[in-house]
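Report on one structure; see the data block that follows.
Next comes the structure, spelled out in structure tokens:
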């Protein structure tokens, strides 16, 4: 797959030049929008301001239709100007200088409101930057704004936002997926270069699949959660969206690593994920020779859309063409993950959302009595899906039910973790669809929570096991008049994002005949 | 209750004087000498009680002929770590409201706790000091309830696996309560975080929240229900306070709320096997309040038994009212509260290695019980050793004093006599005075050797405590005559001036030695060294 933003000729022309000071990169990364724009900035072919203005124009055109953003910074051009001045003075501007990053609105950035898509946090301004935001700013990135989401990340369509419904750039009548639907749509429609989402049960990967972009869910503990509005602490991870695997990898590189503010962040050293990116010109006809791929057989059977299955089969044969051996592998515990996930995520969320009591911040109702102040503020502030999960979680943790629900679900979690571990001892990566279907119509599952929950079947197990997974577009499903993208998921061993990125990068460079530019911006990006 | 609680990230200044709400009159139980470590050497006030302590004690004694009281205590000890348990805020008591806060302890969205490793260290220290078995692998749990002083809506605590359990504490009851050694069981010790404070306005129209205390580390110590009287309970708490102070893990100050005790009391007719209904008592701001509240509660419950209304004793929380010296109902339990505990997912497990524990074990200081047993072996009386071991600073002072001049009895007498009196008058603690243990031992040595008299010794001591300096320096300053030749000269003169008395002396009236000594001291204006005077005088008189 080729990102249409980049100009291959431009890339070639600069290929033999001195590599840009992007971390420790000793070579140019093919297929990276970030690198391309960095190069053109550093060679003064364009300015940050120009690029930012272009993006702003695109946002102006597309945003009324898409509604990806809950907030857009009004200092973008000024920030771009700052970077241009530094570039003029040949100052060190950082590896993401001038890169426009959109951030899901459950991640704190102190110059913008942070609502988590909830009325209870309407106009709430965080006192601090999330660690990922701080890191991005240190790398020179510009935070475009805050993207729409299902309230507190609880949902799979972004319809659960208290503020607006985001449309899918491929078909405005369809959902972008969720809960990071705003971040996925924004990248898909090139309203930013890359974006951050969060993934508790698939909230990065499923919208990536629905919107035809790359979605990367890192290993639990790889990226600090400090400043991420907690949904389910033991499952939450901040993830990356990009139009290419390379960009998602570069973004991940910038935000990874131990953080003293997050006791669950790993102290494991972060390798240079991007050092293994090989340009198409440099690999032989079978670059994946020796790679053992396991296809989770439970994920391509009943209940999965036929077009999704055929897209996955297409991806499988492509992987085989690239030299890997693909085998079907059964994970009998796969179907157990969904109920266990909903018990655990709801339990943790019922606790994590206790702080929204209207006492210190957020919306508070007027009351002359404490319990009605709590009850009223929460009744007014939370939407129906959030209330449903708080109720489920409260129930599951109650005395007398704890063993039957929470404890049992933890046992299932261990079973799921072990079965993944066993499979990943045999296979380098496991693959599955990212979702059982392509994007569906807005409103289609809104009143059927169980159907929506069932859509998470492909992704939740990975969160239970804490593993990294990469979703990348591999095909299309016909949807009446429109075509909707379909993504497949590659699951790797813990902390082995490197392998997923390397395989994904080779895959996307060699996937011919597919362009994942949505119709809404097709005029601008002629392929 | 109307509530307008502070909102927003910026701390709105609250009432500066939280003490008006929190502080209680510092009431002491006069006869409980050894229970108030920080006050034994300071002020003592008579309990404002309508009936005398002896009358109270007798009343309880009578009750305990027919009933057995079962008392268990939950104690919260605030740890004196530099920063809070899960964030890097420094906390100090009495700071401006909401000045020791950050996103973590305010429970802002997205903030995460990170454990202060000192909390583990202190918990292990106290666990070992209380003879507990340590859990090499424990964890934190969330205890969930809504209250405006609890910013996250849950308290980070330990539920099913406390860091330490199954220990005991040894103590000696004061002699005035009959004395005797006791061993009380410790059920568990666990780590948790403190909540903030609600400040209620005078008019009662709204309340304000001060989150300074939110997130301050606590150790909760749960005793076995081993205590039988108010005195035993108060002594248990006092011993716990001593251990905390000896270890240096907290200041144990009850008035500031750094040591808080909740007591459970039930009684049963002697001989009955099943326990009675237990009642929890809160608001115990001193050991004496504890003792009095428990005795009141025992008497109250016994009276209900006596008149056949034992079923009126219900499971409830009662509040001790200092003014009326009574316990009153605060809230009746509506079944068991469900805190929906579950493992805290934001914090990793707490893993202790044997090496870590052994390292702490080896560095533990001498604890009160060990000290008392050592003093006992030295030959100190129970009265003396209880006094000396009561306050860790006094004990250290005593130990340092006897390190040089091992006259245990003299050192004890000086500390418990003149020094204690001075501290009491000046309202000082022993490490606030200028006198060092080295100088006290020098003083004792000087008196023992006869270099100075006991009377001069007292004078020098006072100066040492007030102004500092050294014994040698003060002797010089006082121009004391310690040169034997000079003393001899004075003696010669006195003998020469009193030939009649000399004759009488030599004639057998040896009592007159005192007369001569007095004359010598008079002649020297009191500055002659009394030891030397007597020694030389005897030689001369008998020559």
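Residue numbers (the UniProt record's numbering), protein chains in the order written: chain A, 1 to 527; chain B, 1 to 543. Quick reminder that beta carbons are idealized off the backbone N, C-alpha and C, glycines included.
An exposed status is given to residue 133/B, since fewer than 16 other beta-carbon atoms sit within 10 Å of its beta-carbon. Look at residue 509/B here: in three-state DSSP terms it is coil, with no helix or strand label. Contact check for residue 107/A against residue 146/A passes: the beta carbons are separated by less than 9 Å. Spatial neighbours of residue 392/A in its own chain (CB-CB distance under 6 Å, excluding positions within 5 residues in sequence) are listed in chain order as 346.
Scanning chain B for C-beta atoms nearer than 7 Å to the C-beta of residue 261/A yields 112, 114, reported in chain order. According to the DSSP secondary-structure assignment, residue 489/A is paired through a beta bridge with 432/A, 471/A. Taking a Cβ-Cβ threshold of 9 Å, the residues of chain B close to residue 128/A are 102, 103, 108, 110, 111, in chain order. Inclusion of residue 305/A and residue 180/A in the CB contact set at 9 Å is not warranted, their separation being larger than that value. About 16 Å separates the beta carbon of residue 471/B from that of residue 481/B, a gap too long to meet the 8 Å contact definition. Residue 130/B counts as buried, since at least 16 other C-beta atoms from the protein chains shown sit within 10 angstroms of its C-beta.
Residue 105/B and residue 242/A have their C-alpha atoms some 35 Å from each other. Membership of residue 217/A in the beta strand (DSSP E) is indicated by the continuous run 214-217. When secondary structure is reduced to three states using DSSP, residue 302/A falls in the coil class, being assigned neither helix nor strand. Within the segment 215-227 of chain B, no residue has its Cβ closer than 7 Å to any Cβ of chain A. Residues of chain A with a Cβ closer than 8 Å to the Cβ of residue 154/B are, in chain order, 351, 354. Per the C-alpha coordinates, the member of 149/B, 234/B, 194/B positioned closest to residue 174/B is 234/B. In this structure, the beta-carbon distance from residue 56/A to residue 77/A falls below 9 Å. Within the model, the alpha-carbon separation for residue 507/A versus residue 430/A is close to 15 Å.
In this structure residue 71/B is in contact with residue 227/B, their Cβ atoms being roughly 4 Å apart against a cut-off of 8 Å. Contact residues of the segment 334-368 of chain B toward chain A are 338, 340, 342, 345, 346, 347, 348 (C-beta to C-beta distance below 7 Å). Not a single C-beta of chain A is nearer than 9 Å to the C-beta of residue 77/B.
Residues of the segment 256-286 of chain B that bring their beta carbon within less than 7 Å of a beta carbon in chain A are absent altogether. The beta carbon of residue 540/B sits closer than 7 Å to the beta carbons of 491, 495 from its chain, once the five residues preceding and following it are set aside; these are given in chain order. Residues of chain A with a Cβ closer than 7 Å to the Cβ of residue 142/B are, in chain order, 351. By the Cβ neighbour-count rule, residue 163/B is buried, with 16 or more other Cβ atoms within 10 Å of its own. Assigned with DSSP and collapsed to three states, residue 69/B falls in strand. Interface with chain A (9 Å Cβ-Cβ cutoff): residue 209/B is included. Annotation note: the segment 293-327 of chain B contains the following uninterrupted beta strand (DSSP E) runs of length 3 or greater, listed N- to C-terminal: 316-321.
Around the beta carbon of residue 493/B, fewer than 16 other beta carbons sit within 10 angstroms, so the residue counts as exposed. Taking 9 Å as the CB threshold, residue 106/A lines the interface with chain B. A check of alpha carbon separations from residue 223/B across 211/B, 217/B, 210/B, 237/B identifies 237/B as the nearest. With contacts defined as CB atoms closer than 9 Å, residue 212/B and residue 186/B fail to qualify as a contacting pair. Identification of chain B residues near residue 227/A by a Cβ-Cβ cut-off of 9 Å yields 103, 109, 110, 111, 112, ordered along the chain.
Fewer than three Cβ pairs drawn from the segment 237-251 of chain B and the segment 198-209 of chain B lie within less than 8 Å of each other, which leaves the two stretches out of contact. With the rule of 3 Cβ pairs closer than 8 Å, the segment 265-273 of chain A counts as touching the segment 217-224 of chain A. Annotated three-state conformation of residue 520/A is helix, per DSSP.
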